[in-house]
Amino acid sequence: MSLLKQQTYQPLTEAAAIDLAVRLNLVTDNADLTCKEIGDGNLNLVFHIVDKQHDKSIIIKQALPYAKVVGESWPLTLKRAKIEADALKIFGQIAPEYVPTVYHTDDILAVTVMEDLSHLLIARTGFIKGRTYPLISQHLGEYLANTLFFTSDYGLGPAVKKERVQQFINPELCKITEDLIFTDPFYDAETNNFEVDLGPAVEELWQDEELKNHVNILKKNFLTDAEVLLHGDLHTGSVFANDWETKVIDPEFAFYGPAGFDIGQVFANLLFQVIVNDKNRDIFIKHIETFWNVLESQFSHLWERENKEPIAKTSAFLKYNLSKFFKDSIGFAGCELIRRTIGLAHVADLDSIENKEIRLAAKQKTLELGKTLIKLRNEIKNLQEFIHVVKTVI
Ligand code: ADP
Ligand code: MG
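Counting along the sequence shown from 1, when you hit position 188 you're at 225 in the working numbering, and nothing is skipped either side.
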C-alpha cells in the first residue's frame with residue numbers, strides 16, 4: 038500500500054485498475070478478472086472489476102482533472118475525490134445501510150474503491166422504466182434524518198463540527214452549484230440549454246424580478262448557512278435502488294450548507310415523476326409524503342435523544358428547525374425544477390419523453406411549479422399545503 042501512496046496522479050486504464058485491485062488484495066490475481074469502464078456520469082471514471090471465479094466484484098471510481106462531459110477545457114480539482122471518499126466514510130458511519138462500503142481510498146490517485154452495487158439500478162432509470170421502489174422514500178428519509186442530525190452542531194458539538202466545516206470546504210464544486218442552480222437559469226447565460234418552444238416561458242422567467250429576488254435569498258442561504266454536511270447532489274441519479282434496498286452514492290459536492298438543500302433535491306426529483314408519470318402519480322406523491330414524514334419523525338427522535346446542546350432540546354426549537362428545513366427545501370426544490378428544465382444539466386425524466394407536445398407541456402408545468410414553490414415557500418406551512426400547491430399547478 039505504501040507503494041501506491043507514492044505514485045503521481047495518472048488516469049487509470051482498465052488494465053491498471055485491475056492491477057490496483059489485485060495489489061490491494063480485493064480480488065485474486067487470476068485469468069478470470071474482467072474490468073470495464075462503466076461511468077455514465079459527467080465527471081469521473083468508474084471501473085467495474087469482476088473476479089468470477091471467487092464471485093467477487095468491486096468498483097474503482099477515479100476523478101479526472103477535468104469534467105468528462107465537457108473535456109479538458111473545463112478543469113476541475115482532483116481534491117473532490119478526497120471530499121467524496123471522506124463524505125462516504127462519514128455518511129457510512131451514520132447511515133451504514135444506505136451507503137456503499139469504502140474499501141480503500143488514495144488521495145494522490147484520486148481514487149475511491151468501494152462496494153459494487155450493480156445488483157441495483159439507478160433510481161431515475163428505474164422510475165423511467167416504471168419501477169416505483171416501495172421503500173425508497175422511507176430509506177431516504179432515514180438516511181437524511183441521520184446525516185443531517187449527526188453532522189449538525191446539535192449532533193456533533195461545536196468543536197468537531199467546525200473541524201468538519203474546514204475539512205469540507207469545497208469551493209470548486211460549490212461554484213458549479215452556485216452557477217448552474219442559482220444563477221445561470223435566471224438570466225441569458227451561455228450554459229443554458231432549452232428547447233426553442235420554451236423561449237417565451239424562459240423570457241418571462243428572466244424578467245420576473247420578484248422570482249429573482251427570492252432566488253438571490255436562496256443562493257445566499259446556500260452560500261452562508263453552514264448547518265449540516267450536505268451530500269450536495271442528492272438527485273435520483275445518485276441513488277441506487279431495488280424494491281428493498283437503497284444506497285446513496287456520489288457525494289463529491291459535499292460541503293457544510295443548509296439542510297433544506299438535500300431535502301429539496303429529493304423533493305424535486307420525486308416531483309419530476311409526479312409531473313411525467315401519469316400512471317404512478319399517486320405513488321410518487323405518497324413517496325414525497327413518506328419521505329418527509331419519516332425524516333421529520335426520525336430527526337425529532339434524534340434531536341430529543343442525542344442532542345449535545347443543553348438548552349436546545351426543546352420542542353419549540355425543534356419545531357423552529359424543522360419548519361426552517363421545510364421552507365428552505367421547498368425553495369431549493371423549485372430551483373432544481375427550473376435548472377433541470379432550462380439549465381445545463383437536464384434530467385431524463387423530462388428529456389426522454391418522445392412526444393414533443395407532451396414533453397413541452399411537462400416542461401412548462403415544471404417551470405411553473407418551480408416558480409410557484411420558490412415564491413410561496415414561506416407561506417406553505419405543512420406537507421398537506423405543499424401537496425395541495427403541487428396538485429393545483431400541475
Ligand atoms: P459521477 O460523479 O461521474 O456522476 P457516479 O458516482 O454518479 O459518477 O457514477 C457514475 C455511474 O457509475 C453510476 O451512474 C453507476 O452507473 C456507476 N457506479 C458508480 N458507483 C457504483 C457502484 N458503487 N456500484 C456500481 N455502479 C456504480
Ligand atoms: Mg457526480
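C-beta: ideal position from N, C-alpha, C; glycine also.
This structure is a prediction, so every number in the text was calculated from the model and none was measured.
Just to confirm, is the Cβ distance from D70 to L101 under 8 Å? Position 33 of the sequence shown, counting from 1, holds the residue named residue 70. Position 64 of the sequence shown, counting from 1, holds the residue named residue 101. Note on identity: in this sequence residue 70 is Leu, with Asp being the wrong assignment. No. Outside cutoff.
Going by beta-carbon coordinates alone, are F298 and L260 separated by less than 8 Å? Against the sequence shown, residue 298 aligns to sequence position 261. Against the sequence shown, residue 260 aligns to sequence position 223. L260 sits away from F298, with the two beta carbons spaced by 8 Å or more.
With distances taken from CA atoms, which of I86, G371, R168, A398 is nearest I75? By one-based count along the sequence shown, residue 75 stands at place 38. With distances taken between Cα atoms, I75 lies closest to I86.
Reference W281; option with closest CA among L63, Q175, E51: Position 244 of the sequence shown, counted from the first residue, corresponds to residue 281. Between W281 and the set L63, Q175, E51, the nearest pair of CA atoms involves Q175.
Three-state class that DSSP yields for T214 in the structure shown: The residue labelled residue 214 in the question sits at position 177 within the sequence shown. Helix, per DSSP.
Where the beta strand (DSSP E) containing I95 begins and where it ends: Start at 1 with the first residue of the sequence shown, and residue 95 comes out as number 58. Run containing I95: 93-100, per the beta strand (DSSP E) assignment.
State the start and end residues of the unbroken beta strand (DSSP E) segment that holds V426. Start at 1 with the first residue of the sequence shown, and residue 426 comes out as number 389. Here V426 belongs to no beta strand (DSSP E); instead the alpha helix (DSSP H) covers 420-430.
Cβ-based burial, I251 [other Cβ within 10 Å; buried from 16]: Residue 251 sits at position 214 when you count from the first residue of the sequence shown. The sequence shown places His at residue 251, rather than the Ile named in the question. By the Cβ neighbour-count rule, H251 is buried, with 16 or more other Cβ atoms within 10 Å of its own.
By Cβ distance, which residues of its chain are closer than 6 Å to F336, with the 5 residues on each side in sequence left out? Taking the first residue of the sequence shown as position 1, residue 336 is located at position 299. Excluding its 5 nearest sequence neighbours in each direction, F336 has C-beta neighbours in its own chain below 6 Å: A182, F186, listed in chain order.
Run the proximity test for D287: is its beta-carbon closer than 7 Å to any non-hydrogen atom belonging to ligand 1? Your numbering for residue 287 matches position 250 in the sequence shown. The answer is yes for D287.
Taking 7 Å as the cut-off, is the CB of S110 close to at least one heavy atom of ligand 1? On the sequence shown, position 73 is the one that residue 110 refers to. Between ligand 1 and the CB of S110, the shortest heavy atom gap is not smaller than 7 Å.
Compare the beta carbon distance of N258 and D365 with 8 Å and say whether it is the shorter of the two. Looking up residue 258 in the sequence shown gives position 221. Looking up residue 365 in the sequence shown gives position 328. Judged by their CB atoms, N258 and D365 are nearer to each other than the 8 Å cut-off.
Out of H338, D234, G368, point me to the one whose CA is closest to A483's CA. No answer is possible for residue 483: the residues shown for the chain start at 38 and end at 431.
Distance between beta carbons of E215 and K256, contact taken as under 8 Å: On the sequence shown, residue 256 is found 219 positions in, with the first residue counted as 1. On the sequence shown, residue 215 is found 178 positions in, with the first residue counted as 1. Going by Cβ atoms, the distance from K256 to E215 rounds to 7 Å, so yes, they are a contact pair.
Please go through the same chain and pick out, in chain order, the residues whose beta-carbon is closer than 8 Å to the beta-carbon of T138, but skip the five residues on each side of it. Counting from one through the sequence shown, the residue named residue 138 turns up at place 101. Here the set comprises G129, M151, E152.
Grouping DSSP H, G and I as helix and E and B as strand, with all else coil, what is S155? Residue mapping note: residue 155 aligns to position 118 of the sequence shown, counting from 1. Coil at S155, not helix or strand.
Quick one: using the 10 Å Cβ neighbour count with 16 as the cut-off for buried, is V313 buried or exposed? Position 276 of the sequence shown, counted from the first residue, corresponds to residue 313. By the neighbour-count rule (16 or more Cβ atoms within 10 Å), V313 is buried.
Which listed residue (L413, T188, D262) has its alpha carbon closest to that of E343: As a working mapping, residue 343 is identified with position 306 in the sequence shown. Relative to the Cα of E343, the nearest Cα in the group L413, T188, D262 belongs to T188.
Is any heavy atom in ligand 1 found nearer than 7 Å to the beta carbon of V136? For the purposes of this step, residue 136 is taken as residue 99 along the sequence shown, with counting starting at 1. No, the Cβ of V136 stays beyond 7 Å of every heavy atom of ligand 1.
Tell me whether S337, by its Cβ, gets closer than 7 Å to a heavy atom of ligand 1. Counting from one through the sequence shown, the residue named residue 337 turns up at place 300. For ligand 1, not one heavy atom lies less than 7 Å from the Cβ of S337.
Classification of T351 by the beta-carbon crowding that lies within 10 angstroms, buried from 16 upward: Taking the sequence shown and counting its residues from 1, the one referred to as residue 351 is at position 314. T351 comes out exposed.
Assign P137 to one of three DSSP states: helix, strand, or coil. Indexing the sequence shown from 1 puts residue 137 at position 100. DSSP places P137 in coil when its eight states are reduced to three.
Within this structure, are the beta carbons of T403 and T429 separated by less than 8 Å? Position 366 of the sequence shown, counted from the start, is the residue given in the question as residue 403. Position 392 of the sequence shown, counted from the start, is the residue given in the question as residue 429. Going by C-beta atoms, T403 is not nearer than 8 Å to T429.
Which partner residues does A72 have in the DSSP bridge list? The residue given as residue 72 occupies position 35 in the sequence shown. Residue 72 is actually Cys in this sequence, not Ala. I86.
Please classify N358 as buried or exposed, where buried requires at least 16 neighbouring CB atoms within 10 angstroms. As a position in the sequence shown, residue 358 is number 321, starting the count at 1. Buried, by the Cβ-count rule.
Return helix, strand or coil for E51, following the three-state DSSP convention. By 1-based counting over the sequence shown, the position of residue 51 is 14. DSSP, reduced to helix, strand and coil, places E51 within a helical segment of the structure shown.
Three-state secondary structure (DSSP) of D287: To locate residue 287, count along the sequence shown from 1; it is residue 250. Under the three-state reduction of DSSP, D287 is assigned to coil, being neither helix nor strand.
In its own chain, which residues sit with a C-beta less than 6 Å from the C-beta of L158, not counting the 5 before and 5 after it? The residue you call residue 158 lines up with position 121 of the sequence shown. Nothing meets the Cβ criterion.
Go to L266, then tell me how far its beta strand (DSSP E) extends in each direction, as first and last residue. Reading the sequence shown from its first residue, position 229 is the one you call residue 266. Residues 265-267.
Assigned exposure category for H156 - 16 Cβ within 10 Å defines buried: Looking up residue 156 in the sequence shown gives position 119. Around the beta carbon of H156, fewer than 16 other beta carbons lie within 10 angstroms, which makes this residue exposed.
Any heavy atom of ligand 1 inside 7 Å of the beta-carbon of V107? Mapped onto the sequence shown, residue 107 falls at position 70. With a cut-off of 7 Å, the C-beta of V107 is classified as distant from ligand 1, since no heavy atom of the ligand falls inside that distance.
Let me check understanding here. Comparing Cα to Cα, which of N207, I300, L193 lies closest to K345? Stepping through the sequence shown from its first residue, residue 345 is reached at position 308. Measuring from the Cα of K345, the nearest candidate turns out to be L193.
State the DSSP-derived secondary structure class of G167, mapped to helix, strand or coil. Against the sequence shown, residue 167 aligns to sequence position 130. Coil at G167, not helix or strand.
Judging by CA-CA distance, which residue of E241, N317, A160, K400 is the nearest neighbour of V303? Your numbering for residue 303 matches position 266 in the sequence shown. Selected option, being the one with the closest Cα: A160.
Does the beta-carbon of D77, which I'm using as the reference point, lie nearer than 7 Å to any heavy atom of ligand 1? Numbered from 1 along the sequence shown, position 40 holds the residue referred to as residue 77. Indeed, a heavy atom of ligand 1 lies less than 7 Å from the Cβ.
State buried or exposed for I375, treating a residue as buried only when at least 16 other CB atoms are found within 10 Å of its CB. Here residue 375 refers to the residue found at position 338 of the sequence shown. So I375 ends up on the buried side.
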